[in-house]
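Below: the structure, in structure tokens.
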Amino acid sequence: MIRFNRAIRPFSVMSFDLDDTLYNNHPIIKAAVSAQQNYLNALPRYQEQGPQYWQQCRQLAALQQPELKDNVTQWRKHTLRLALSKLGFTEQEVALHASNAYNAFADARSNIVVSDDVLALLDNLAQHFTLIAITNGNVEIERFNLHNKFELVLQAGMHGKAKPHSTLFDKAAAHLKVTKSDILHIGDSLDTDVQGANNTGCQSVWLNDQSAKYNYKGLADVEITNIHALTHFIRS
């Protein structure tokens, strides 16, 4: 299904969100969190804190440094150090175990295989448009099979504030030397992808293939239920 809520103007750049747009991220995150937790639970005193301890430390880290919410990698690393420090580990132990726990998470987080049909779709689109990625996630794209599919990859935290803030969209337009209306951004989230693109002056496509609830009440320029509907934009 493809539904046009507004007429699409000519564009030269297709910008993609990654997680839950080009692959199902839910089992990946679940495995990554489990890998981190397995490491931490093997440490003295950690497991006995109970399952709420991580969330409590995560919330405390965000209260201490609100800017961490724009950088999920640093937020996780800071939370790890905080959680271990509160349990009385020495500074050296905190550094060692925080690093090891994060590496366990990151290894599982990047254990992604994008399907052949999505890779073929990107190759097809790349013959007609410049492809870039704009993500709030902390996936390491160079570690799996999307590593050579984009001319530019921008990540929240590393390159600017998280979507829906305009920073990453602004940087993409400046880097590519195009107007923001030349960018068509595709993503699964109304709150981050569609709201961010709309507010910044990019054009937006909402991949509505999940049963998620969102706060943003605006409309995407285009709504699709299958990523392969993007072939509609290829002009023969």
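In our numbering, the protein residues as written are 19 to 254. Even glycine gets a Cβ: it sits at the ideal position worked out from N, Cα and C. Model, not experiment: these values are computed from the prediction.
DSSP, read as helix, strand or coil, puts Q221 in strand. The beta carbons of D188 and T218 sit about 7 Å from each other, so the pair counts as a contact at 8 Å. Per the coordinates, the alpha-carbon of I204 lies some 43 Å from the alpha-carbon of E66. Boundaries of the alpha helix (DSSP H) harbouring R99: V90 to K104, taken from the DSSP string. Minimum Cα-Cα distance from Y234 among the listed residues A215, I245 and Q73 corresponds to A215.
Distance check between L78 and each of T97, Y64 and P69 places T97 closest, using alpha-carbon atoms only.
Between S207 and Q221 the beta-carbon gap is near 16 Å, outside 8 Å, which marks them as no contact. For Q173, the enclosing beta strand (DSSP E) begins and ends at L170 to Q173.
In this structure, the CA atom of R161 is about 26 Å from the CA atom of H146. Counting only runs that start and end inside the region 102-143, there is no beta strand (DSSP E) element of at least 3 residues.
Rounded to whole angstroms, the separation of the alpha carbons of A151 and L100 is 32 Å.
Considered as a whole, the region 184-233 harbours 185-194 and 213-218 as its complete alpha helix (DSSP H) runs of no fewer than 4 residues, in chain order. Exclusion of the five residues before and after H193 leaves L170 as the residues of its chain whose Cβ lies within less than 7 Å of its Cβ. Excluding its 5 nearest sequence neighbours in each direction, D227 has C-beta neighbours in its own chain below 6 Å: T243, listed in chain order. Its chain contains L186 and K189 as the residues whose beta carbon lies nearer than 7 Å to that of H177, once the 5 sequence neighbours on both sides are disregarded; these appear in chain order. Counting along the chain, the unbroken alpha helix (DSSP H) around R76 starts and ends at Y71 to Q82. Burial check for I252: the Cβ neighbour count within 10 Å stays below 16, so the residue is exposed. Shown here for D37: same chain residues with a beta carbon closer than 6 Å to its own, the five before and five after excluded, namely N43 and G155 in chain order.
With contacts defined as CB atoms closer than 8 Å, V90 and G175 qualify as a contacting pair. DSSP places S52 outside any beta strand (DSSP E); the residue lies instead in the alpha helix (DSSP H), whose first and last residues are H44 to N59. Nearest to K179 by alpha-carbon distance, out of F29, R21, V31 and P84, is P84. No Cβ-Cβ contact shorter than 8 Å links I46 with N142.
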